[in-house]
Each structure stands twice: as C-alpha cells, then as structure tokens.
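First up is the structure itself, then whatever we jot down about it.
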Amino acid sequence: MEAIGNENDYNVYIIIPKQTEEQSTISFAIIDTTGNSVIKYFDLTNIKIIPAPKIYSSSAIRANYELYSVPDFSFELIYICDFQTMKVQYRDNISNTNFQDAISISSLNDQNIFTVKAKFRGNPIDFKFIDKFGRYEIANYRFDSVLYPREYACDVKNDYSLYFQGEEVTVTCKQNNYFMEMSSYSEKEFYFVDYSDGEKFKLITVSSNKTVEFSLTLPYTTNLFKSIFYIHQRFVEIPDWNFRETVLAYIYKSLQIDFNISEIHETKIKININTSYRIGNDYEVFYAIGPDSKTEGTEFHSLGKVSSFRKQEFEIPYQLSNEKYLMTIKILYANNEKEAKVSKVINNERTLFPLDYGKSKLNNSDYYILAGSTVILSPVPSNSSLQAYADILDKRYTLLKNNVVAKFSALILKFNFLKLNMFFYSLINMIQ
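Just so it is clear: in the sequence shown, position 356 is 356 by our numbering, and no numbers are missing.
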C-alpha cells in the first residue's frame with residue numbers, strides 16, 4: 001500500500017491467486033495492527049477476474065494416426081474466456097519448430113468437447129491454447145508409435161467377369177486390411193499407369209480418405225487381351241515414397257463380327273458368321289431382317305446359344321421375295337453383358353442371263369440354261385473367293401466352295417467324266 005495525492009488516499013497492490021473460475025468481487029478490510037480489529041470492510045464489485053485457460057485432452061485423442069495425416073484432435077474445455085476468440089497453435093516437439101496456427105477449430109458440443117485439425121508431423125505434439133488476453137495453456141501429447149503411410153489395395157468395383165477397351169470402370173482403393181486400422185490418413189496422389197501410352201503416369205485424384213473411389217476409362221490398344229493394369233501411389237509429403245498396386249482385370253478388345261450369305265433358298269437363308277476371336281464360353285446369335293435395304297429390323301430372333309467360335313454356319317428360316325433387304329446379325333457375349341452387331345444388304349433381285357453354247361467366261365453372277373444342257377465348270381485359282389451353286393426347283397446344290405469342285409452324290413442329270421479331272425454340271429446360278 002502506498003500513499004498517493006491527498007491525505008488518506010492510497011494505492012493498494014494485491015496478488016490475485018490462481019483462479020479456477022471467474023470472480024466478480026474483491027473484498028477489502030482495513031485492520032488496526034495493534035488490536036487486529038477491523039476498522040473498515042467493503043467489497044469491490046465492478047470488476048471481473050478471469051482465470052487462465054484450462055483445457056484437457058479428450059480420450060478420443062488416443063488413436064492411430066498416419067504420419068503427415070491431418071487428424072481431428074479432441075479436447076475438453078474446462079475454462080477459457082470467450083471461446084470464440086481462442087487461438088490454437090501447434091508444433092511437433094522433435095524439431096522444436098515454431099508454433100503454427102491450427103488448420104481449423106470446431107465448435108463446442110454439449111459436453112464441452114471440441115476438436116482441432118492439425119497436420120501430424122511427428123511425435124510428440126505441443127498444442128498451445130491462447131485466450132484473448134494472450135495467456136495460454138500448453139498441452140503435450142506423446143503417442144506410443146509413429147505409423148508411416150501405407151499403400152492402398154485397389155480393385156475394380158464393377159462386378160463384371162470381363163472388361164473391354166473403351167469401357168468406363170470404377171476403381172476402389174483402400175488401405176490393406178492386414179495393416180492397423182487408422183483414424184486418419186496422409187494425402188496421396190493416385191495415378192493410372194497408362195499401358196496404351198508407354199506406361200505414362202496419368203494423375204486421377206488426390207485424397208486422404210480411408211477409401212478412394214474414381215472412374216477410369218480403359219484405353220484402346222492393339223493388344224487383343226490384357227489381364228492387369230497398375231495404379232501408382234505417391235505420398236505428397238514424402239515424394240520418394242511410392243507404391244505400384246496391381247489391379248486384376250481381364251480386358252479385351254470388343255468383339256467384331258462379319259457375315260456372308262452362302263445360300264438363299266425359297267424358305268431359308270444360310271450364312272457364315274466370322275468373329276474376331278473367341279471370348280468367354282457362349283455366344284447367343286440373333287438375326288433381324290428389315291423391310292427394305294435401308295431400314296434395320298426391330299424384331300430380333302434368336303438362333304440359339306452356341307459355344308464361342310471364330311467361324312460358324314447358321315440357317316435362318318425366312319422366305320424372301322425378289323427384293324433388297326437389310327439383314328442384321330447380333331451376338332450377345334461376355335455373359336450377355338455385351339453385344340456385337342453388323343448389318344448388310346441382301347440383294348435378292350436376280351437378273352438371269354442365258355448361257356451360250358461354247359467356251360465362255362462368266363462375268364455376271366446369274367445364268368440360266370435350257371433343260372438337257374451340259375455345263376463344264378473349270379477349277380479356279382487357289383486364292384479365289386468364288387462360290388457356285390445350282391438352283392433346281394426349290395433346292396440348291398453346292399458346285400464350287402472353298403475353291404473345290406464338288407461331286408453330286410445323287411443322280412440329278414447325267415454327268416460325263418472328262419479328262420483333266422473336270423466335271424459336267426447343270427448350272428443355272430452363280431454367286432460371287
């Protein structure tokens with residue numbers, strides 16, 4: 001106590017003991033030192049005494065955090081003046097770096113618990129809670145172990161048995177389940193190793209989630225089949241720490257098909273279907289015939305399920321008139337998940353030319369002969385694609401197929417065997 005100014009005016013200096021809660025009153029007493037009697041007693045009530053911050057770590061902090069992850073650290077608030085103005089800083093205690101501001105601070109819940117988001121760079125961590133008067137509390141946290149980032153296992157989410165070039169698939173990556181369960185994960189970059197472009201890395205996404213999911217379009221290549229592709233993982237905070245994850249997926253080129261008409265009868269059509277390769281176990285073959293040469297048929301009829309094939313003949317029960325039609329062949333494959341389709345014009349408009357007597361070179365596709373006539377069909381070069389048939393009433397007979405001159409097993413007309421292994425045929429129609 002010291003005298004100031006006028007008589008009986010004094011400044012009184014006091015030390016306020018550490019408080020655990022706010023106080024709004026200070027009581028003073030003037031005591032006679034000789035008799036210890038109270039001369040004057042009064043309360044000072046127009047003040048507010050603020051305790052220093054008091055904050056405890058919550059039990060939720062005791063979890064497994066991946067190094068360089070950004071966890072939510074939980075704390076229990078005992079007291080701080082004006083929580084909304086509180087500032088939180090942190091540092092890793094290993095390198096004694098300067099404190100830096102926390103990434104974010106949550107609001108208080110009804111149990112006075114709040115969380116602080118900070119990057120976990122090392123063990124232990126110091127947290128500094130500062131009130132609006134600049135006073136602070138430091139909490140130190142030490143973890144039993146520091147867990148370095150781990151690679152993720154990746155798989156195709158789509159439940160297909162086969163995949164195809166150009167198809168969009170969903171890839172899911174998550175930490176291998178044989179590792180310890182984490183509460184937070186470090187940031188990682190995920191790259192597709194593009195096998196169609198010299199295995200260049202194509203960045204897909206950056207994430208620190210427990211499970212990462214992204215879409216990927218399988219590239220086109222000249223390869224018919226590929227059984228795997230790779231997802232490369234790079235840890236943002238540790239650039240030299242990389243992993244390559246193998247993804248098992250049977251990737252094929254899409255099936256290509258073609259067909260040609262081998263025979264046309266009054267009530268049926270025979271076709272040969274060629275496919276680019278065999279894939280899977282079964283194909284289901286369909287056909288549709290449009291009303292004209294420009295309109296695709298809308299009603300597909302099944303020719304049945306067959307084992308996958310490269311080339312196979314099918315018989316279509318259909319009666320054509322002398323017109324042009326658009327025929328469409330469709331094959332369902334890969335467990336009926338995919339389809340291949342091709343359309344061609346059927347030209348059934350026939351112009352028959354008379355076949356003159358004597359040696360002739362056949363330049364047209366359709367000829368007729370008079371009953372009782374005999375025709376010699378010469379062999380053709382080995383690389384020729386010519387096919388020849390004889391239409392007699394409502395039946396068709398193969399005369400030349402795959403460059404081999406055929407023999408008739410039934411006596412339709414009389415044939416004379418000539419030298420040079422040539423045969424006589426009754427020929428009224430040739431199709432090229």
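Every residue, glycine too, gets a C-beta built ideally from N, C-alpha and C.
Inter-residue Cα distance where the pair is residue i and residue j
i: Ile-264; j: Gln-256; result: 24 Å
i: Gly-280; j: Asn-260; result: 24 Å
i: Leu-411; j: Pro-291; result: Confidence at Leu-411 is low in this model, with a pLDDT of 28, below 50, so its placement is unreliable and the value that follows should be read with caution. Cα to Cα, Leu-411 sits roughly 39 Å from Pro-291.
i: Leu-216; j: Glu-266; result: 51 Å
i: His-301; j: Tyr-191; result: 45 Å
i: Leu-443; j: Pro-354; result: Nothing about residue 443 can be reported from this structure: the residues present for the chain run from 1 to 432 only.
i: Val-306; j: Ile-331; result: 10 Å
i: Ile-31; j: Ser-37; result: 5 Å
i: Tyr-148; j: Thr-45; result: 56 Å
i: Asp-366; j: Tyr-357; result: 16 Å
i: Phe-143; j: Phe-83; result: 27 Å
i: Gly-166; j: Leu-218; result: 5 Å
i: Phe-201; j: Tyr-230; result: 10 Å
i: Gly-304; j: Val-193; result: 41 Å
i: Thr-246; j: Ser-276; result: 28 Å
i: Ser-254; j: Tyr-160; result: 15 Å
i: Lys-132; j: Asp-43; result: 27 Å
i: Val-156; j: Ser-227; result: 12 Å
i: Ser-196; j: Asn-335; result: 26 Å
i: Gln-89; j: Asn-109; result: 21 Å
i: Asp-126; j: Ile-113; result: 18 Å
i: Tyr-308; j: Val-169; result: Going by the sequence as given, residue 308 is Ser instead of Tyr. About 25 Å.
i: Ile-50; j: Cys-81; result: 7 Å
i: Asn-242; j: Lys-87; result: 36 Å
i: Arg-244; j: Pro-71; result: 26 Å
i: Glu-299; j: Leu-248; result: 38 Å
i: Ala-29; j: Lys-48; result: 19 Å
i: Ser-360; j: Ser-262; result: 24 Å
Nearest neighbour of residue i, chosen from the options [CA to CA]
i: Pro-317; options: Lys-294, Phe-286, Asn-98; result: Phe-286
i: Lys-344; options: Val-169, Val-247, Thr-298, Asp-258; result: Asp-258
i: Gln-111; options: Phe-120, Tyr-56, Cys-81; result: Tyr-56
i: Glu-313; options: Ser-293, Gly-297, Glu-339, Lys-268; result: Lys-268
i: Thr-513; options: Phe-73, Ala-153, Pro-124; result: Residue 513 lies beyond the stretch modelled for the chain, which goes from 1 to 432, so this question has no answer here.
i: Lys-338; options: Thr-398, Asn-348, Asp-282; result: Asp-282
i: Tyr-389; options: Lys-270, Tyr-325, Phe-127; result: Lys-270
i: Gly-198; options: Met-182, Ser-183, Thr-221; result: Thr-221
i: Ala-288; options: Val-342, His-232, Ala-249; result: Val-342
i: Thr-85; options: Ser-106, Gln-100, Arg-91, Thr-298; result: Ser-106
i: Gly-297; options: Thr-170, Ile-346, Ala-29, Ser-227; result: Ile-346
i: Lys-324; options: Ser-308, Ala-334, Ser-293; result: Ser-293
i: Leu-224; options: Glu-168, Ala-63, Leu-162; result: Leu-162
i: Glu-76; options: Ala-63, Phe-129, Tyr-250; result: Phe-129
i: Ala-340; options: Lys-359, Asn-348, Asn-274, Lys-48; result: Asn-274
i: Ser-321; options: Glu-349, Glu-168, Gln-100, Ile-47; result: Glu-349
i: Ser-183; options: Pro-51, Thr-34, Asn-64, Ala-52; result: Asn-64
i: Tyr-250; options: His-232, Glu-299, Phe-164, Phe-243; result: Phe-164
i: Tyr-333; options: Tyr-252, Ser-262, Lys-48, Glu-299; result: Tyr-252
i: Pro-239; options: Glu-189, Glu-315, Asn-158; result: Glu-189
i: Ala-52; options: Ser-262, Glu-137, Glu-315; result: Glu-137
i: Asn-272; options: Gln-319, Glu-315, Ser-104, Phe-99; result: Glu-315
Paired residues, beta bridge with residue i - DSSP
i: Phe-229; result: Val-247
i: His-301; result: Tyr-287
i: Ile-113; result: Glu-76
i: Met-327; result: Ile-289, Lys-344
i: Arg-91; result: Asp-126
i: Pro-354; result: Tyr-368
i: Gly-275; result: The sequence shown places Thr at residue 275, rather than the Gly named in the question. Beta-bridge pairing links Thr-275 to Ile-257.
i: Asn-140; result: Asp-126
i: Ser-186; result: Ser-69
i: Arg-234; result: Glu-189, Asn-242
i: Phe-83; result: None; Phe-83 has no bridge partner.
i: Gln-165; result: Looking at the DSSP assignment, Gln-165 forms no beta bridge with any residue, so it has no partner.
i: Ser-107; result: According to DSSP, which records beta bridges pairwise, Ser-107 is partnered with nothing at all.
i: Ile-316; result: Ile-269
i: Tyr-333; result: Lys-338
i: Ser-307; result: Asp-282
i: Ile-204; result: In the DSSP output, where bridge partners are listed per residue, Ile-204 has none listed.
i: Phe-214; result: Val-171
i: Leu-147; result: Glu-66
i: Leu-44; result: Ile-26
Nearest-angstrom Cβ-Cβ length linking residue i and residue j, presumed shorter than 8 Å
i: Asn-234; j: Arg-278; result: In the sequence under discussion, the amino acid at residue 234 is Arg, which differs from the Asn named in the question. That belief does not hold up - the Cβ atoms of Arg-234 and Arg-278 are roughly 40 Å apart, past 8 Å.
i: Ser-69; j: Ser-207; result: Not a contact, Cβ separation roughly 12 Å.
i: Ala-118; j: Ala-102; result: 5 Å
i: Ile-78; j: Lys-54; result: 4 Å
i: Leu-326; j: Thr-295; result: 6 Å
i: Leu-67; j: Phe-120; result: 6 Å
i: Gly-122; j: Asp-92; result: 4 Å
CB contact below 9 Å: residue i versus chain D
i: His-232; result: Annotation note: the requested chain D is absent from the structure, which comprises a single protein chain.
- Looking at C-beta atoms only, is the number of pairs between the segment 211-225 and the segment 164-184 that lie closer than 8 Å three or more? yes
- Task: Pair every Cβ in the segment 194-208 with every Cβ in the segment 146-163, then say whether three or more of these pairs are closer than 8 Å.
- Result: no
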